[in-house]
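Taken in order, these protein sequences are the chains called A and C.
If you use our numbering, the first sequence closes out at 307, no skipped numbers anywhere.
If you use our numbering, the second sequence closes out at 307, no skipped numbers anywhere.
Here a beta-carbon is modelled for each residue, glycine too, at the ideal position from N, C-alpha and C.
Working notes, beginning with the structure itself.
There are 2 protein chains.
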Amino acid sequence: MAEQITLREVGLRDGIQMAKSFLATDHKVDWALRIQAAGLREIELTSFVPPKIVPQFSDADELAKNLPQLNGVVASALVPNLKGAERALAAGFTHINYVLSISELHSQSNVRRSTGEAIEEFKRIVALKASQAGRQMVLGVGLATSFGCTLQGFVDPERVLEVARLIAEGGADELIVADTVGYGNPAQVKALLQPIMEIAAGRRVICHFHDTRGLGLANVAAAVDVGVRVFDTSLAGLGGCPFAPGATGNINTEDTAFMLESMGFSTGVDIPALLALRHDVEKWLGDERYTGAIARAGLPKTFKTNS
Amino acid sequence: MAEQITLREVGLRDGIQMAKSFLATDHKVDWALRIQAAGLREIELTSFVPPKIVPQFSDADELAKNLPQLNGVVASALVPNLKGAERALAAGFTHINYVLSISELHSQSNVRRSTGEAIEEFKRIVALKASQAGRQMVLGVGLATSFGCTLQGFVDPERVLEVARLIAEGGADELIVADTVGYGNPAQVKALLQPIMEIAAGRRVICHFHDTRGLGLANVAAAVDVGVRVFDTSLAGLGGCPFAPGATGNINTEDTAFMLESMGFSTGVDIPALLALRHDVEKWLGDERYTGAIARAGLPKTFKTNS
Chain A
1 MAEQITLREV GLRDGIQMAK SFLATDHKVD WALRIQAAGL REIELTSFVP PKIVPQFSDA
61 DELAKNLPQL NGVVASALVP NLKGAERALA AGFTHINYVL SISELHSQSN VRRSTGEAIE
121 EFKRIVALKA SQAGRQMVLG VGLATSFGCT LQGFVDPERV LEVARLIAEG GADELIVADT
181 VGYGNPAQVK ALLQPIMEIA AGRRVICHFH DTRGLGLANV AAAVDVGVRV FDTSLAGLGG
241 CPFAPGATGN INTEDTAFML ESMGFSTGVD IPALLALRHD VEKWLGDERY TGAIARAGLP
301 KTFKTNS
Chain C
1 MAEQITLREV GLRDGIQMAK SFLATDHKVD WALRIQAAGL REIELTSFVP PKIVPQFSDA
61 DELAKNLPQL NGVVASALVP NLKGAERALA AGFTHINYVL SISELHSQSN VRRSTGEAIE
121 EFKRIVALKA SQAGRQMVLG VGLATSFGCT LQGFVDPERV LEVARLIAEG GADELIVADT
181 VGYGNPAQVK ALLQPIMEIA AGRRVICHFH DTRGLGLANV AAAVDVGVRV FDTSLAGLGG
241 CPFAPGATGN INTEDTAFML ESMGFSTGVD IPALLALRHD VEKWLGDERY TGAIARAGLP
301 KTFKTNS
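Here is the structure:
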C-alpha cells in the first residue's frame, strides 16, 4: 500500500480571490462537486472575509448550503477574524482556517492588525470553539509569509517557530505553514518544517506554497522529505494574495498530484478529471494566469497512479 | 565559504537545436561571451552532428575559432559519433560530450544505432582519445532517456546502471545522466543517482534535466541531496530533442541559479546579467518557447548570492 498524501484544493478560495470576474455560484458548486468526483478529499470552499473587501466571496452563505452534497470531503472556510468564524459556523462549516501573518507589514496590509493583535484574535476564536458545546469545530491556523515577505523582506524563522508554538499550545488543531509570496527554497523548507513538525506534536501540518518563483514543487518534495503529508494546491495554479504585492499562483493541483504519484505516494486524485475541470474553469473565468506542465505536456506514457 | 555547484550552459547546443531559425554565428559568439561574463564556467558551445541533419550547427568550425576568447571557461562540443569527435578535436575542442541512449527506440531514432552499437562507437572514441599523444581530451558521456522515453516508455534503471558501469570503466571522464523527455521525479532521481555516484568513483557526474512536466527544479534539489554538483541548464529554458517526441525545455539557467544560491550554494552566476542576455536572445531567435519564473517575477527582495 502506497503512503497517502492529502491535497487540499484551494482554487475556490485562494485561486479566485484575485480573479477579475465574479465566478457564478453555480460554477463554484460545479467546481467543488467535480473536485469531490476527482477523488480529492479536502477543499477550502470559500472565505468569510467582508464581501465589501473581496466581493468574490459574497456568496459564502449560499455556497455553504451545498455542504451536505460534499459528503466524504472535508470542506473548510477561511476566516480573517472572530466575526468570520462566527459566520462560518452559522453557515454550517465545521472546519475553519484562520490566517495570521508573521510579517508585521503583511499583517497590517492584510487585516490592519499587528501579528500580536492577530494572535489575540486567534485566542478569541479558540474561545468560540470552546463554547461550541457538542458541536464539532476543527481549527486550522495559517502562518502567512513564513518564508519571507514582498513588503517586509526578511522574516525571522525564530519568530515563525515562536508563533507556531503559541498557536499549537493555544488550541489550534492544524498548522498551515504558508509561503505566501513564493520566497521559500527547498533548504529553507526543510530547515523550517523540521522543527514545526516537532512543535505540532501530532497535529496536522499543512504546507501552503506558491510557485511565484518556480520552486513550488521542489519545496513540496523537500517538505515530503521531512514528513509533511498535506499540501494546499490550486487547480490550474490559480491564486495570489491581494495584499501581498507580486504574489502569484499557488502550486498546481494537477502537477503536484503527478509528482507525488510518480514518487510512489497515493493522492487519490484522478488527474484527467482535473484536466477536464480545468478546461471548463478557463471558460468560466476567462482571462487569468493558468499554469501547469501536465496540462501542456500530458502525463508520461509510463504514468500509473497508486490510488 | 559556500559549497560550489557548477552550471553548464547548454543553450547554444540543446537550447537552439530545434529553433525555427538559424541563429547568426555572431549572435552565438555574443551569447557565449556573455555567459562567460555572467560568471558561468562551463558551456556546451556547439554540436558536431552532420549539418544536413541539424543545420543550426553548420557553423561549428567557425564557432570553435572563438575558443581562445573563452579563457576561463570549459567549452565543450557534443558529438554523435567518432567522426564528430574527430571534427571537434580538429576544430580545437578539448572537451567532448558523446551521447548514447539507454532507450533502444530513442537510440534508433536519434542515431540509427542500437544502444549496443552506440557503446561500440564509444569505445572507438576512447581509442581516439588514447591516440591523442600529449593532447588533452576530456570525454563526457551522456546517457539519454535514463528516466524513461516518449517512444519506448519504461527504461530499466538496471540497464542505466549497467551502461553507466561500462562507460565509467571503459574510459569516460564524466557521466552525464539525462532525463531527455522530462519523465523523472525526485524519488527516481535519488534512487538512480545514488548508485551512479558510486559507479562514477570520483569521475564528475552531471545531471541533464528537462522541465517538460514541471519537475526540473525538484529533480535538481533531489540530485543535490545525493551529492550531484554539476547541472546542465539552458538560458530561458530553451531546448528539446528533435528525435524525442514531446521533449521540451531544459531546466532554466536563471531559475536554477536562483534556487541553488537561495539554498546556500555558490554558482558564480550573475542572474541579472543572464536576464539581460535572455532579453537579447528573445529578439534574435524570435518565436520560441521561453520559460522561467525569475524572468517573470523577479528575484526576492531578500535574495543574496553566495558567489
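- Contacts with chain A at 7 Å (Cβ-Cβ) do not include S58 of chain C.
- Apart from sequence neighbours up to five positions away, the residues of its chain that approach A218 of chain C with a beta-carbon distance below 8 Å are N185, P186, ordered along the chain.
- DSSP links H208 of chain A through a beta bridge to A:A178, A:D232.
- Here V126 of chain A carries a helix assignment [DSSP, helix/strand/coil].
- Across the set A:H106, A:G249, A:T267, A:R34, the C-alpha of A:R34 shows the shortest separation from the C-alpha of N71 of chain A.
- Every alpha helix (DSSP H) stretch that sits fully inside the stretch 78-141 of chain A and reaches 4 residues is listed by chain position as 82-91, 104-111, 115-130.
- Taking 7 Å as the threshold, the shortest C-beta distance from N185 of chain C to chain A falls below it.
- Chain-order list of chain A residues neighbouring D26 of chain C: empty, with the shortest C-beta distance near 31 Å, by a criterion of under 7 Å.
- In the three-state scheme derived from DSSP, where H, G and I count as helix and E and B as strand, G39 of chain A is classed as coil.
- Taking a 10 Å sphere around the C-beta of P245 of chain C, we find fewer than 16 other C-beta atoms and assign the residue as exposed.
- When rounded, the separation of the alpha-carbon atoms in L175 of chain C and E121 of chain C is 16 Å.
- With fewer than three CB-CB distances shorter than 8 Å, the stretch 21-30 of chain C does not count as touching the stretch 282-293 of chain A.
- Nearest Cα to V111 of chain A within the set A:D280, A:F48, A:G214: A:F48.
- Here the alpha carbon of Q194 of chain A sits roughly 17 Å from the alpha carbon of I5 of chain A.
- For A75 of chain C, the three-state secondary structure derived from DSSP is strand.
- Contact between A37 of chain C and T46 of chain C is absent: CB atoms are separated by about 19 Å, not below the 8 Å threshold.
- Proximity of L217 of chain C to chain A, defined by a Cβ-Cβ separation below 7 Å, is satisfied.
- A221 of chain A has a beta carbon lying within less than 7 Å of a beta carbon in chain C.
- Under a 10 Å Cβ-count criterion, A201 of chain A is classified as exposed, with fewer than 16 other Cβ atoms of the shown protein chains found around its own Cβ.
- Every unbroken stretch of the alpha helix (DSSP H) spanning 4 or more residues and falling wholly within the stretch 1-69 of chain A is given here in chain order: 25-37, 60-64.
- Nearest CB-CB separation between A297 of chain C and chain A: below the 7 Å threshold.
- Taking a Cβ-Cβ threshold of 9 Å, the residues of chain C close to D255 of chain A are R213, G214, L215, in chain order.
- Here the alpha carbons of P157 of chain A and E42 of chain A stand approximately 28 Å from one another.
- N250 of chain C carries a strand assignment under DSSP once its states are collapsed to helix, strand and coil.
- By the beta-carbon neighbour count (other beta carbons within 10 angstroms, threshold 16), H95 of chain C is buried.
- Rounded to the nearest whole angstrom, the CA to CA distance from A91 of chain C to K65 of chain C is 8 Å.
- Its Cα nearest to that of V29 of chain A, the residue A:L277 stands out among A:L143, A:D211, A:L277, A:V126.
- Linking I125 of chain C to L89 of chain C through their CA atoms gives a straight-line distance of about 11 Å.
- Classified as buried, K129 of chain A has 16 or more neighbouring CB atoms from the shown chains inside 10 Å of its CB.
- Among the CB atoms of chain C, none fall inside 7 Å of the CB of S146 of chain A.
- The beta carbon of F243 of chain A sits closer than 6 Å to those of S109, N110, all from its chain and outside the five residues before and after it, given in chain order.
- Looking only at C:G264, C:G148, C:F154, C:A257, the smallest Cα-Cα distance to T212 of chain C is reached by C:G148.
- For G148 of chain C, DSSP records a beta bridge to C:S146.
- For M259 of chain C, the nearest beta carbon of chain A is closer than 7 Å to its own beta carbon.
- Against chain A, the CB of T302 of chain C has a partner CB under 7 Å away; the residue lies at that interface.
- By alpha-carbon distance to L235 of chain A, the top candidate from A:T253, A:D225, A:G216 is A:T253.
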